[in-house]
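Colleague:
Number of protein chains: 4
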Amino acid sequence: MYQAIIKEIPEQVRPLFNQGKVADYIPALGKVSPMKFAMAAKAVSGEIYYAGEVDEKFSLQSISKAFAMILAIRMLGDDLWQKVGRSLSARAFNSISQIEEYGGRPRNPFTNGGAIAIVDLLLTHDVHYLESLLILVRKLTGNRKIDYDRSVAKSEKEFGHRNAAIAYFLKSYGILKNQVEDVLDAYFVQCSLAMSCNDLSRSLLFLANRGVDPKNETVVLTPQQNRHLNALLMMFGTYDGAGDFVFRIGLPGKSGVGGGIAVIVPGKMVIAVWSPALDEFGTSVAGLKALEIFIEKGDLGIF
Amino acid sequence: MYQAIIKEIPEQVRPLFNQGKVADYIPALGKVSPMKFAMAAKAVSGEIYYAGEVDEKFSLQSISKAFAMILAIRMLGDDLWQKVGRSLSARAFNSISQIEEYGGRPRNPFTNGGAIAIVDLLLTHDVHYLESLLILVRKLTGNRKIDYDRSVAKSEKEFGHRNAAIAYFLKSYGILKNQVEDVLDAYFVQCSLAMSCNDLSRSLLFLANRGVDPKNETVVLTPQQNRHLNALLMMFGTYDGAGDFVFRIGLPGKSGVGGGIAVIVPGKMVIAVWSPALDEFGTSVAGLKALEIFIEKGDLGIF
Amino acid sequence: MYQAIIKEIPEQVRPLFNQGKVADYIPALGKVSPMKFAMAAKAVSGEIYYAGEVDEKFSLQSISKAFAMILAIRMLGDDLWQKVGRSLSARAFNSISQIEEYGGRPRNPFTNGGAIAIVDLLLTHDVHYLESLLILVRKLTGNRKIDYDRSVAKSEKEFGHRNAAIAYFLKSYGILKNQVEDVLDAYFVQCSLAMSCNDLSRSLLFLANRGVDPKNETVVLTPQQNRHLNALLMMFGTYDGAGDFVFRIGLPGKSGVGGGIAVIVPGKMVIAVWSPALDEFGTSVAGLKALEIFIEKGDLGIF
Amino acid sequence: MYQAIIKEIPEQVRPLFNQGKVADYIPALGKVSPMKFAMAAKAVSGEIYYAGEVDEKFSLQSISKAFAMILAIRMLGDDLWQKVGRSLSARAFNSISQIEEYGGRPRNPFTNGGAIAIVDLLLTHDVHYLESLLILVRKLTGNRKIDYDRSVAKSEKEFGHRNAAIAYFLKSYGILKNQVEDVLDAYFVQCSLAMSCNDLSRSLLFLANRGVDPKNETVVLTPQQNRHLNALLMMFGTYDGAGDFVFRIGLPGKSGVGGGIAVIVPGKMVIAVWSPALDEFGTSVAGLKALEIFIEKGDLGIF
């Protein structure tokens, strides 16, 4: 049934491919075609449902923050919350004014400021953070070829003035311990993680299974940690668009400006979708619609 | 099992009774003792678990907005969203600056501005709105004695300058159709709804049952409407405290400055708790802790 | 020489009559023709220079705040500053968010919030405030026919929801001592003061003469009070447009949404101009240009 | 008479030396003693009045922005205003949120963001900007030993994360044409200009003399340019403290976090004062009081 639903979705959302805007603040992202589309739903039971180019890699960008948070929750526990809040953000993911307004403290771990602060914390605890992250992601996907895209990271470094501003701003408040350049470099590399919808839906499956990877019974997070990460994704995963996202989708999810979205259906599956053109909140327009259709038709809501 | 858990909670949270602050912006609320406590969980299956003074009435205040939304969703459908947003609020429930910042449009239906705009819409569609609301609430609770507390409403009218400011502000942007005084009067009366934890957990049970009241099979909301209302409660129900609330509780809920909180456990139950002393977000301190304990021990999380 | 300069100004600024927007938030102001123009410069030495309809009355609106401040400075002295700041305002004169941002304290006496707080203070000290103001203004103009325009005040009361919002908001912070309705009524009546450019330039002449009315040697303000009022006019008299106003004009001034502007040339004269169409800051477009020409050609700058 | 007034001022303001806080965001400034004091008033007529250590150099910091503006006004004319506003700033000089709020456009040339944008414009027009500035300042002071303090500039570069954040932020909006690092380096060097109160009062004397240096009849600025620069100093020279500054002082002035303040008395003199401890707006506490006393007793107000 799910496969029957999903296979019709590309046709249904195609009219939306040109209604958003491909992220173009760095050239490496701007050259991706808005006509790309993929959707993959990996069930806890092992099945996979898919449509479109599900093996084509795309740049995870902010979706990588979800993986960083797995490490942060495991390594830092509650210390994590000393430098980053758990507060709603009513401004864009790259807003700097809300950091000033709250005295230098990023609102939550998924705003750019919060994610940069998390990278700083992780670097402090683990000088090989980027390697550790790659090991984690390869294990979660079961795909040893997953890697950073260094050309995207380089492009971010060259054109990412806004993120540089945020990092220097946090440094001025004493939020960052490491050198700004080092934190930024690691952040840009982290965000350059590239994988396919197949990989992505596979990798986060533990989130739908109380923290345990159903393929190999590995405990990725404890049940409580797993609840926490899902809650964070639900409230902050789509930034100032989260109110509307949860109204329409009703599930925890994470978007990235590469056009990807991952959504967790607790107890059932993880859905990954990719379509590069974005709405005002940096969320894929066609991807969001595709999720809405699939969840509605598949009766996957939790409320 | 749930009863065994719940009966120990009053002792566990008692040390918190004095850590918050009883709302005192109107005298009628300020005179309630911070030592009051009640908790009732009504299951879809019919059982009820409880502790404390579960039959003592308290002022619903903002929890009444959930009932107003039932009528608004049924009467207005998507027209509802013409005057009110579905956007996160990073400011307090009675912030007026965020209304100015967004050109007169309240961020969401549960901020005071949004709730006042909803009352205006309801009054426009139904001159007997307050009677209609009472009929609904009496039916949902199965308690014909549920009523407004006119002395609280009068006190609000006398001292509620902040809400008056919000209403006049919305009027200046053309958001309100009716006379400001009429909208305010209705809003104050709506917020004065008084009921017990027993009543409250009973009345919202349909939200945990896909929109159907399990006692009498009445369809209160369609499944989609029900998902929507739960999503709105989760994202906006506890204002700028929602990020932390959902991190700790992981479920949709609604708080009121009377000290009540209602939480929906989809498929299972509705929990109502009451303890008058509030945290900085206007949420009951001991009530929030009580919910956290009950949900953790009862393994009621959905993620 | 000044007369030669001034008499050519109406022709020079006529093209601007349609470039602004006549205030229309109340019908009583909206019906004034944008083609009206008058300019009068009254010198300390007694001469008067003029052009246009200098005897036609217009609604002072916020220019009335300058007269209120004369009474406030005389009656209250430094107590004045307990409830109102001396801080720049980067938002519009009717912004309410900047009041919230600063904890209920109006930024300065010329924002609407500040002016309403001043009226409240004056009412507390003098129940006959409106009569006292009229006596002052009639004395300063030497025109016993100066009066409030009750139809304008009534229109403000009917449509001035924004000012009502500000007043209720201040009340919620305890800034206002009197009943909101009474303060608003007095504020609306004060703003309805009507006079001609001839009257206006005459009435403020003491400000250009170290506080002494040169016609009759009456001490209106002490030299220090006079410096203070001029400083307040310079920094706050044209709201968030003050930066540009002072760049172009270089002198203290006060604008009103009735289209009037009064400018003080210390030691020399007071210039009043009237043209109803306003810029984004609520300042007369043609009036501002007329002042710029007159001051430039007349070499009236103080810097 | 002025000398009699000024020589008593150090005693009068000494109690304030410990009431402010010496800037300590960079070590090079933090080590200056709060007990330092100097005041020098240079008259257009040639006299000089002084008290304290008037030949001891201090770091100009933001006062250097006044010199940069001389070059900017001369080189760029009205093009200057394409990238920088003439708008009041209600936030601190180093606020970044107000830049975001206004779409990347600095409010005015004296906020840090505005000054950095001006340095970028100057660098674009003149690769030898820093040399040109030094030539100008040496000519205006008549002191060939005036120089940058490279140790201060280096310290700023090492610890000036906030200014780095502002510069990267402006770059992200396309406001800066040059490389961020180059602009920041030049900005830090410019701010490190060091001179004494004697030098400072001498150097800005043209501002009190319609743009002409009275010592040598050199035209530094045209009369109109001179009026403009005085107006900018008055409105923006002391940031969000300008409202109170002008209320108390009534004259154009410029403060720096090195503890210096320069004030222009049109037609008469320029007063420079230095005392390192600062108020919340970054203005010298004792310096401001010293100016207030001198201007009051010397009857130097222009209003």
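Protein chains in written order, with my numbering: chain P, 623 to 925; chain L, 623 to 925; chain S, 623 to 925; chain Y, 623 to 925. In this text, a Cβ means the ideal position worked out from N, Cα and C, and glycines have one as well.
Looking at chain S, is there any beta carbon in it that lies within less than 8 Å of the beta carbon of residue 671 of chain L?
Modeller: Not closer than 8 Å to any Cβ of chain S, the Cβ of residue 671 of chain L fails to qualify, so no.
Colleague: Pull the bridge partners of residue 883 of chain L from the DSSP assignment, please.
Modeller: The partner list for residue 883 of chain L (beta bridge, DSSP) reads L/877 and L/895.
Colleague: Nearest to residue 887 of chain Y by CA position, among Y/875, Y/695 and Y/881, is which residue?
Modeller: The shortest Cα separation from residue 887 of chain Y among Y/875, Y/695 and Y/881 belongs to Y/875.
Colleague: May I ask you to check if the CB of residue 662 of chain L is nearer than 7 Å to at least one heavy atom of the ligand FMN?
Modeller: Absence of the ligand FMN from the depicted structure is noted, as is the absence of any ligand whatsoever, leaving it without description.
Colleague: In chain order, what residues of the same chain have a beta carbon less than 8 Å from the beta carbon of residue 856 of chain P, not counting five sequence neighbours either side?
Modeller: Here the set comprises 864, 868, 873, 874 and 875.
Colleague: Return the Cβ separation of residue 631 of chain P and residue 915 of chain P in integer angstroms, given the expectation that the two are a contact with Cβ distance under 8 Å.
Modeller: Their Cβ separation, rounded to whole angstroms, is 6 Å, which keeps residue 631 of chain P and residue 915 of chain P in contact under 8 Å.
Colleague: Looking at C-alpha atoms only, which residue of Y/889, Y/809 and Y/659 is the closest neighbour of residue 736 of chain Y?
Modeller: With distances taken between Cα atoms, residue 736 of chain Y lies closest to Y/809.
Colleague: Put residue 674 of chain P into one of helix, strand or coil per three-state DSSP.
Modeller: Of the three classes helix, strand and coil, the one that applies to residue 674 of chain P here is strand, per DSSP.
Colleague: Verify whether the separation of the beta carbon atoms of residue 645 of chain Y and residue 806 of chain Y is less than 8 Å.
Modeller: No, these two residues do not count as a Cβ contact at 8 Å.
Colleague: Go ahead and pull the three-state DSSP assignment for residue 900 of chain S.
Modeller: Of the three classes helix, strand and coil, the one that applies to residue 900 of chain S here is strand, per DSSP.
Colleague: For a contact meaning CB atoms closer than 9 Å, what does residue 723 of chain P contact in chain Y?
Modeller: Residues of chain Y passing the Cβ test: 719.
Colleague: Might you give, ordered along the chain, the residues of its own chain that have their beta carbon closer than 7 Å to the beta carbon of residue 839 of chain P, omitting 5 neighbours on each side?
Modeller: Here the set comprises nothing.
Colleague: Residues of chain Y with CB closer than 8 Å to the CB of residue 866 of chain S, please, in chain order.
Modeller: In chain order: 708 and 709.
Colleague: Is residue 900 of chain L close to chain P? Criterion is C-beta to C-beta, closer than 8 Å.
Modeller: By this cut-off, residue 900 of chain L is not an interface position.
Colleague: Using only alpha-carbon positions, find the residue among Y/699, Y/766 and Y/815 that is nearest to residue 878 of chain Y.
Modeller: Comparing Cα-Cα distances from residue 878 of chain Y to each of Y/699, Y/766 and Y/815, the minimum goes to Y/815.
Colleague: Tell me the rounded alpha-carbon separation between residue 765 of chain L and residue 755 of chain L.
Modeller: C-alpha separation (whole angstroms): 14 Å.
Colleague: Could you give the distance in angstroms between the alpha-carbon of residue 850 of chain P and the alpha-carbon of residue 925 of chain L?
Modeller: When rounded, the distance between both Cα atoms is 8 Å.
Colleague: Mind checking who residue 908 of chain L pairs with in its DSSP beta bridge?
Modeller: Residue 908 of chain L is not bridged to any residue.
Colleague: Answer yes or no: does any C-beta atom of chain S fall closer than 8 Å to that of residue 849 of chain Y?
Modeller: Yes, residue 849 of chain Y counts as interfacial toward chain S.
Colleague: Run down chain L in chain order and give the residues with a C-beta less than 8 Å from the C-beta of residue 924 of chain P.
Modeller: What residue 924 of chain P touches in chain L: 888 and 924.
Colleague: Assuming residue 660 of chain P is part of the beta strand (DSSP E), what are its boundary residues?
Modeller: Its beta strand (DSSP E) spans residues 660-665.
Colleague: Please compile the residues from chain S whose C-beta is within a distance smaller than 8 Å of the C-beta of residue 783 of chain L.
Modeller: 790, 791, 793, 794 and 802, listed in chain order.
Colleague: So is residue 787 of chain P in contact with chain Y if we call contact Cβ pairs under 8 Å?
Modeller: Closer than 8 Å to some Cβ of chain Y, the Cβ of residue 787 of chain P qualifies, so yes.
Colleague: Run down chain Y in chain order and give the residues with a C-beta less than 8 Å from the C-beta of residue 698 of chain S.
Modeller: Near residue 698 of chain S there are no residues of chain Y at all, since even the closest Cβ is about 15 Å away, more than 8 Å.
Colleague: Taking only three categories from DSSP, how would you classify residue 687 of chain Y?
Modeller: In the structure shown, residue 687 of chain Y sits in a helix (DSSP, three-state: H, G or I).
Colleague: Quick check on this structure: which residue in L/667, L/683, L/668 and L/661 has the alpha carbon closest to the alpha carbon of residue 676 of chain L?
Modeller: Closest option to residue 676 of chain L, Cα to Cα, is L/661.
Colleague: In terms of residue numbering, what span does the beta strand (DSSP E) encompassing residue 816 of chain P cover?
Modeller: Looking at the DSSP string, the run of the beta strand (DSSP E) that includes residue 816 of chain P is 815-817.
Colleague: Please look up how many angstroms separate the CB atoms of residue 743 of chain Y and residue 682 of chain Y, rounded, as I've assumed it's under 8 Å.
Modeller: Not confirmed; about 20 Å, so no contact.
Colleague: From which residue to which residue does the alpha helix (DSSP H) around residue 865 of chain S run?
Modeller: From DSSP, the alpha helix (DSSP H) with residue 865 of chain S extends over 864-871.
Colleague: Along chain L, which residues have their Cβ under 7 Å away from the Cβ of residue 869 of chain P?
Modeller: Within chain L, the residues near residue 869 of chain P are 708, 850, 853 and 854.
Colleague: For residue 803 of chain S, count neighbouring Cβ atoms within 10 angstroms of its own Cβ and tell me buried if that reaches 16, exposed if not.
Modeller: It counts as exposed.
Colleague: Look up residue 680 of chain Y in the DSSP assignment and say whether it is helix, strand or coil.
Modeller: Note: residue 680 of chain Y maps to strand in three-state DSSP.
Colleague: State the start and end residues of the unbroken alpha helix (DSSP H) segment that holds residue 740 of chain S.
Modeller: Note, residue 740 of chain S: alpha helix (DSSP H), 734-747.
Colleague: Can you check DSSP and say which residues form a bridge with residue 769 of chain S?
Modeller: Paired residue(s): S/816.
Colleague: How about the stretch 636-655 of chain L and the stretch 655-674 of chain P: do they share at least three Cβ pairs that are nearer than 8 Å?
Modeller: No, the stretch 636-655 of chain L does not touch the stretch 655-674 of chain P.
Colleague: If you draw a straight line from the alpha carbon of residue 696 of chain S to that of residue 746 of chain S, how long is it in whole angstroms?
Modeller: Distance between the alpha carbons of residue 696 of chain S and residue 746 of chain S is about 14 Å.
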